[in-house]
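Residue numbers (this note's numbering): 6 to 352.
Ideal placement from N, C-alpha and C gives every residue a C-beta, glycine not left out.
Computed from a prediction, not measured in an experiment: that's the story for all the values here.
For reference, the structure is listed below as structure tokens.
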Amino acid sequence: MKPLCIRRSVASWLAPLWLCISLASQAATAPPTQAQDMMNALRKAHAAVVGVEVQVADDARSAETLGKRRQGSGVVIGDDGLILTIGYLMLEAQAIQITTQDNKTFPAQAVAYDLATGFGLVKPLLPLRGVQPVSMGKLSDVAPGEPLMAAVGAQKDEESDIAMTQLVSKRPFSGYWEYHIESAAFTSPPVGNHSGAPLFNQKGELIGVGSLFVGDASGQGRRMPGNMFVPVDLLTPILGELRRTGETRLSRRPWLGLTSAEQDGRVQVVRVNKDSPAQRAGLESGDFVLAVDGDKVSSLEGFYKKLWAHNAPDAEIKLTVLQGAEVRTLLIKAVDRMTTMKKPSGI
């Protein structure tokens, strides 16, 4: 495994960064002009990284699982100061504050949240003078083993961090929270404060946004701590829609309110959200979901895709479940999750 290199001093990060890249890739033999171009590109990308701090209302539904105060990162992607982050940071935000590389703080407001991809957009209420937006890259252009730079935004009295990591795998990802994307970036070694952390290629182009820690970044059933990043390939087709409406059409889909996991070729309910469609229908922690509308499911991906095949978010869905030793059929009236959440000011 290639070394992890982190530097807190913004003024001294460049030389150690180049050393890490040299150790990790063919960049060690790059011509001096190419090496300088790479350093300049990464320095520019790093300058666009911001810290994001969010406070939500006490009665926000997401407060129980995500907390009332949240900290993470974001990156400027628009000439108007638009910032891309991971959506769960700003979900139900009551107040948002961003911190730039020079430790200046600015109030911000939510612009959009996309349930389907997990992306969130925020915008400062005052101009970010001197901060240039990053360029967009593509995960599809990055090969496994390629060294990458992840960055963590400044937080009040803490300076920004950088960390060298590498792409380990690209594959579909199904989350326990009713979430699935067809392609995700898995990196290792892991970045500690990964929430919303931007991931850059060696050209300084943004290729992903940090979502979570994983124990098996390789996906081969062996221990390899790392992170999952949501690729910006998923953002490009929906960015205009997010700016216009604050959401996307694909986010309007049935939601049951379950935390689930795959176990021995079956989908097991791990947790049932309070006052959710699943709870009202009688689903319980420990149940196994055997079929959706009569069609057998054996994976989270299959489970979710059967749910989302319904056009209406409030569709009535028939689940066949195993509760203890009894097989039961439950009718669940799904809901549009966003109608159950407090909308941040601005969306």
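- G231 sits away from D238, with the two beta carbons spaced by 9 Å or more.
- The region 136 to 143 makes no contact with the region 159 to 174, as fewer than three CB pairs between them are under 8 Å.
- Contact check between the region 109 to 122 and the region 198 to 213: fewer than three CB pairs, one atom from each, fall below 8 Å, which does not count as touching.
- Taken through DSSP and simplified to helix, strand or coil, T253 comes out as coil.
- Residue state for W313 is assigned as helix, using DSSP reduced to three classes.
- The three-state secondary structure of E306, taken from DSSP, is helix.
- H185 carries a strand assignment under DSSP once its states are collapsed to helix, strand and coil.
- Straight-line spacing of the CA atoms in Q207 and P177 works out to 24 Å.
- Listed as beta-bridge partners of D269 by DSSP are no residues whatsoever.
- Here K301 is exposed, its C-beta having fewer than 16 other C-beta atoms within 10 Å.
- Taking C-beta separations shorter than 6 Å and ignoring five residues to either side along the sequence, V332 has no partners in its chain.
- Per the Cβ contact rule, the region 50 to 68 is not in contact with the region 178 to 196 (fewer than 3 Cβ pairs under 8 Å).
- Taking 3 residues as the minimum length, the beta strand (DSSP E) runs contained wholly in the region 80 to 126 are 88 to 91, 98 to 104 and 110 to 118, in order along the chain.
- Just so you know, the alpha carbons of D107 and E164 end up roughly 8 Å apart.
- Pairing A46 with P242, the inter-Cα distance amounts to about 25 Å.
- Considering only P36, D280 and A53, the residue with the shortest C-alpha distance to L211 is A53.
- Here V61 is not near Q76, since their CB atoms are 9 Å or more apart.
- Going by beta carbons, L312 and R271 fall outside the 9 Å limit.
- Under DSSP, the beta-bridge partners assigned to E58 are Q76 and Q102.
- In this structure, DSSP gives M346 a state outside helix and strand, which the three-state scheme calls coil.
- Beta-bridge partners assigned by DSSP to D166: V157.
- When K323, W260, H199 and V274 are compared, the shortest CA-CA separation from G299 is found for K323.
- In the structure shown, V237 adopts helical secondary structure according to DSSP, grouped into three states.
- Nearest C-alpha to Q171 among L336, M229 and A296: M229.
- If you compare the alpha carbons of A155, K338 and S174 with that of A148, the shortest gap goes to S174.
- Residue state for D221 is assigned as strand, using DSSP reduced to three classes.
- Comparing alpha-carbon positions, the option among E289, R254 and L244 lying closest to L261 turns out to be E289.
- Collapsing the DSSP output to three states places D42 in a helix.
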